[in-house]
Amino acid sequence: MALRLAQEAELDLVEVAPNSKPPVAKIMDYGKFKYEAAQKAKEARRNQVNTDLKEVRFRLKIDTHDYETKRKRAEGFLLGGDKVKAMILFRGREQSRPEQGVRLLQKFAEEIAEFGVVESRPTQDGRNMTMIIAPLKNKSDVKGEQNAKRAAQKAERRASEHAAKGKETDTASETAQSETPAE
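Note that this note's numbering has the sequence shown beginning at 16, numbered continuously upward.
This is the structure in structure tokens:
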């Protein structure tokens with residue numbers, strides 16, 4: 016009987032729960048159902064946020080200006096919601112002084128403490144010493160704030176354009192009325 020109803024309605028008979036007694040079936044347009052499911056999956060993938068691990072490399076004998084540049088770059092990454100991997104590259108005799116590398120990374124962590132927290136303490140692996148810093152805000156929160164800010168700016172821009180167009184039409188109607196001769 017269900018099959019006949021589906022054929023009359025020119026729809027598909029889809030078995031929803033085949034293991035239940037009696038089996039449950041639903042009359043629907045299966046092509047439309049698959050299309051909508053694919054669209055939902057696509058939207059979910061588009062809204063998904065991946066946190067990246069950005070890397071900032073130092074040398075033990077880094078100049079103050081270069082250090083400040085690297086610090087500002089790391090702050091930008093943290094504000095964007097990405098993790099930062101601070102890495103010091105040791106060369107030659109510098110490898111015998113890991114405590115200087117630890118001091119440099121601790122100074123770095125203190126200076127960017129308002130943007131992120133240390134996730135893993137400085138560890139030395141071979142010629143490199145690394146430390147990972149996590150952002151205070153999730154990337155999804157940052158992205159949501161950016162989208163809200165963009166939407167507000169867009170609405171403000173539209174309102175100002177609308178107001179400007181309103182003024183143009185007012186001045187155009189005033190000039191048209193002044194040009195018509197009085198009787």
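Cβ coordinates follow ideal geometry from the N, Cα and C atoms, glycine included.
Here the structure is a predicted model, which is why all the values come from computation and not from measurement.
Handout entry: Proximity of residue 90 and residue 127 at Cβ, strictly below 8 Å
Key = yes
Handout entry: Option in 113, 99, 112 with minimal Cα separation from residue 69
Key = 99
Handout entry: residue 53 to residue 32 span [Cα, whole Å]
Key = 21 Å
Practice task
Give the secondary structure of residue 175 by DSSP, where H, G and I count as helix, E and B as strand, and everything else as coil.
Solution key: helix
Exercise for the section: Quick one: measure Cβ to Cβ for residue 3 and residue 151, integer angstroms, because I've assumed they're closer than 8 Å. Expected result: Limits of the chain in this structure are 16 at one end and 198 at the other, which puts residue 3 out of reach.
Problem - Counted within 10 angstroms of its Cβ, other Cβ atoms place residue 105 as buried (16 or more) or exposed - result: buried
Exercise for the section: Identify whether residue 28 lies in helix, strand or coil by the three-state DSSP scheme. Expected result: strand
Practice task
Please classify residue 56: is it buried, with 16 or more other beta-carbons within 10 angstroms of its beta-carbon, or exposed?
Solution key: exposed
Handout entry: Counted within 10 angstroms of its Cβ, other Cβ atoms place residue 67 as buried (16 or more) or exposed
Key = exposed
Handout entry: Three-way DSSP call (helix, strand, coil) for residue 37 in this model
Key = coil
Problem - residue 101 and residue 71 closer than 8 Å at C-beta - result: yes
Exercise for the section: With DSSP collapsed to three states, give me the class of residue 81. Expected result: helix
Problem - Buried/exposed call for residue 37, threshold 16 Cβ in 10 Å - result: exposed
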